[in-house]
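Asker: Okay, here's the structure, questions in a sec.
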């Protein structure tokens, strides 16, 4: 009896230990090529992490898995691509833990805002060194998108898809304001606010005060966040043009023309509901909204227009994803082959049919011709700029929103808020 | 045939192989309890103790997340940074406010409901289940639910304005620090009452009926019986509930992350959301770990102090 109990206990200990170890180590995501064979001969499986299926939308993963990857595999015998879809909210954490555990895939579709951060940590391979023909591909893409791959004198990826924010409004809102077309300038927007005063429609709504939200106004107002060489923010973010642009928004906020959604009221109606519901007259948003509204508000006919122009013109912010290769990959040649494939017209145009805007300028023009919906976004992209390409871009976002919130709430001035934000961003820039 | 009345040692001397078996049996006998402990212990050490030690170690480094990268030892720099970081202090204050707002109602209401549900009645199991239901419901689900309840056009504003006629219902609950903390605390209270109720119900079963009857005979009214009979009898449970709730209060995370995300402008950040942001958004694992270690020390000191207080007063009365 005693012996059998002991055996039982030992078995359970071993089982528990195995379980714990299995949980800790996981399995290697990359299939190992056999050691003796050369890379060109041995079959290679590339693992790619991405967020194409975000929101349960299978249209993009279907195109990738059923059309593009088979096409790549057909033209590259011996290489298989295993795409793993990861929810957007989890990908950054998965990359972080993957880097810590030395278990990264061979290819990653990364948010443009993460490339500098992971590059500075040494997670990514510099593609301009790994690919002899890098500049051929780089030169074909939009400069604003390409810039998001740069860190410390190297490029760590190539643009994969892009997007930008444009002004979106509705005919009902224009009618209420007595306008025949969307507000094209800062002055038009302010006039719209006057016309809508007391009508229970907010003139403009946005869901935060981070770079993604506030930079289109600062740039269009003629301001900047830093100098071109990323050495100082003081003198730029707190310059007269930046202050004036933000002041315009603060004035609209004070008049009640911008709801407190912008200062972080998570209980306010979201922009994607408020615009079709007639609560908000204008918002800034991206091309992905077409499918969302088509599903949730089939009756709603959004009107797309450029970001209202200020003294600096109409300048929006670049969004999108880049394709990067973790430095730990054992299949660099195969991985760079797939990167080249993502830059092809075949790949770019196939993805354009399911809502991903091309990053290659020639493909972008073709996509806009094929689907006029993309035209306003393609026009806006020509001048759109990226947010700061530094490892601490997430900290810049929290600095901007923390400092600007009290300025909107009236407890400090815009000048004081931006001066303080610029000083903190200076500190981040000097630490690089 | 072996003479079982002779001592084992004698038998062992006669039969060396029997001695080995006996020794092995004795060893196995002593090892058995540890072997039973082992599965849980392996998991506990692997999944809790080891990460804790690592976090403690990380807090003294400018920690590089990449496997194999060299991290720089920076001593107490991360701790010094926390001391001078206004968001850290605001997070600590918010965690404290949440604890202060949510713990007393959970104790008082939990005990009250337990008293009401103590008496036997046919409907009593139904009520127990209903009060306990929030405890086993997912934090994510109820956080989103409360976010919608407290939205600008949510049920709370509607009820305040159109049903109770208190104000015009235009309060943006989640847009400022204090109203948002009230909303988050309301969720904590609603979700936590069932748990304290369950502990109190169990403790109330142990209150001797003879004491209650004796107090009744002595002419004690309901409040007096509660104060001098019930409360002293459930004292250990009371101490346990308060200590656990205070620890839980400082560990508030999911509800804040989902209801306000620490906004607006970091006004509702609590220690754990700030720690999470430093570690997983800014990838500053050293600073994030330092915040975690500081939180652990604060909770440890508070818990020790509470246990001392309860122990001390308990002896005086005993």
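Protein chains in written order, with this note's numbering: chain A, 1 to 432; chain B, 1 to 318. Virtual Cβ for every residue (Gly too), placed ideally from N, Cα, C. What you are looking at is a predicted structure, and each value in this text was computed from that prediction instead of being measured.
1) Of all Cβ atoms in chain B, is any one closer than 7 Å to the Cβ of residue 322 of chain A?
2) Is it buried or exposed for residue 439 of chain A, if we count other Cβ within 10 angstroms and need 16 for buried?
3) Which one or two residues does DSSP pair with residue 98 of chain B in a beta bridge?
4) Three Cβ pairs or more, each shorter than 8 Å: is that satisfied between the segment 242-251 of chain B and the segment 56-74 of chain B?
5) I'd like to check one pair, residue 325 of chain A with residue 150 of chain A: are the Cβ atoms closer than 7 Å?
6) Look at the alpha carbon of residue 29 of chain A and the alpha carbon of residue 285 of chain A, and state the distance between them as a whole number of angstroms.
7) Which class does residue 151 of chain A belong to by DSSP, given the choice of helix, strand or coil?
8) Kindly identify the DSSP beta-bridge partner or partners of residue 326 of chain A.
9) Can you check whether the C-beta of residue 246 of chain B is within less than 7 Å of a C-beta belonging to chain A?
10) Using a Cβ-Cβ distance under 7 Å, would residue 173 of chain B count as near chain A?
11) Consult DSSP for residue 16 of chain A and reduce its assignment to one of helix, strand or coil.
12) My output table needs one value for residue 160 of chain B: the three-state DSSP class, helix, strand or coil.
13) Would you identify the three-state DSSP class for residue 425 of chain A, choosing helix, strand or coil?
14) State the start and end residues of the unbroken beta strand (DSSP E) segment that holds residue 204 of chain A.
15) Whole angstroms are fine: how far does the CA of residue 77 of chain A sit from the CA of residue 276 of chain A?
16) Identify the continuous beta strand (DSSP E) that holds residue 305 of chain A and give its terminal residues.
17) Determine whether the beta carbon atoms of residue 289 of chain B and residue 95 of chain B lie at a separation below 7 Å.
18) For residue 132 of chain A, which of A/336, A/281, A/65, A/189 has the nearest alpha-carbon?
19) Using a Cβ cut-off of 8 Å, which residues of the segment 257-283 of chain A contact any Cβ in chain B, in chain order?
20) Is the beta carbon of residue 360 of chain A closer than 7 Å to that of residue 216 of chain A?
21) Could you tell me which residues DSSP puts in a beta bridge with residue 163 of chain A?
22) Less than 7 Å between the C-beta atoms of residue 400 of chain A and residue 417 of chain A, yes or no?
23) So with Cβ pairs under 7 Å, would you call residue 260 of chain B a contact of chain A?
24) To which residues does DSSP link residue 385 of chain A through a beta bridge?
25) Going straight from the alpha carbon of residue 200 of chain A to that of residue 366 of chain A, what length do you get?
26) If you measure beta-carbon to beta-carbon, which residues of the segment 57-88 of chain B are closer than 9 Å to chain A?
27) Using the beta-carbon count (16 or more within 10 Å), is residue 155 of chain A buried or exposed?
28) In the structure shown, what three-state DSSP assignment does residue 309 of chain A receive?
29) Cβ of residue 114 of chain B less than 7 Å from any chain A Cβ?
30) Between the alpha carbons of residue 264 of chain B and residue 293 of chain B, how many angstroms are there, rounded?
31) CA-CA distance, residue 122 of chain B and residue 115 of chain B?
32) Taking a Cβ distance cut-off of 8 Å, strictly less, list which residues of the segment 78-112 of chain A are near chain B, in chain order.
33) What is the DSSP secondary structure of residue 360 of chain A, counted as helix, strand or coil?
34) Hey, out of B/112, B/258, B/267, B/29, whose CA is closest to residue 193 of chain B's CA?
Answerer: Concretely, from the data shown:
1) no
2) The structure shown does not extend to residue 439 of chain A, since chain A is modelled only from 1 through 432, so no value can be given for it.
3) In DSSP, residue 98 of chain B forms no bridge with anything.
4) no
5) no
6) Per-residue confidence for residue 29 of chain A stands at a pLDDT of 39, beneath the threshold of 50, marking its modelled position as unreliable; no derived number is given.
7) strand
8) A/124
9) no
10) yes
11) Its pLDDT being 44, under 50, residue 16 of chain A is placed unreliably by the model, and the measurement read from it follows with that caveat. Residue 16 of chain A: helix per DSSP, three-state reduction.
12) helix
13) helix
14) 202-205
15) 49 Å
16) 303-305
17) no
18) A/336
19) 260, 263, 264, 265, 266, 267, 268, 269
20) no
21) A/319
22) no
23) yes
24) A/317
25) 42 Å
26) 64, 65, 66, 67, 68, 69, 87
27) buried
28) strand
29) no
30) 26 Å
31) 16 Å
32) 92, 93, 96, 99, 100, 101, 102
33) strand
34) B/112
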